[in-house]
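The numbers in the working numbering rise by one with no breaks, and the one at position 7 of the sequence shown is 1072.
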Amino acid sequence: MNKTELVSKMADSAGITKAAAERALAGALDAVTAALKKGDKVTLVGFGTFSVVKRNAREGRNPATGKAIRIPAKKVVKFKPGAKLADSVK
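What follows is the structure in structure tokens.
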């Protein structure tokens, strides 16, 4: 499912226009992004939790040459599905 299909489903489910659904989706994604930038967790009960974790610097290998390379530390977004979501896809 892509963004257009998601907006259509949201509009049908909520009984609103596609334009309103797109604005709602954009607002929700902006809010989640802003919270994660601040380092906050975003928990949607039944769906899951988005959080930011720090990945430590490590040494890796260039697969083409086999030469060791340094992979710098960085922050990454992690998603842990909620029980309801996990059960629904079994």
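For glycine and all other residues, C-beta sits at the position ideal for the given N, C-alpha and C.
Ranked by Cα distance from K1119, the first of L1101, A1129, V1110, T1130 is L1101. Bridge partners of R1123 according to DSSP: I1136. Each residue's CA atom was taken as its position, placing R1135 and G1080 some 52 Å apart. Taking a contact to require three or more Cβ pairs closer than 8 Å, the segment 1141-1148 and the segment 1114-1130 qualify as touching.
Secondary structure of T1082 (DSSP, three-state): coil. According to DSSP, V1141 shares a beta bridge with V1118. L1071 sits away from G1111, with the two beta carbons spaced by 8 Å or more.
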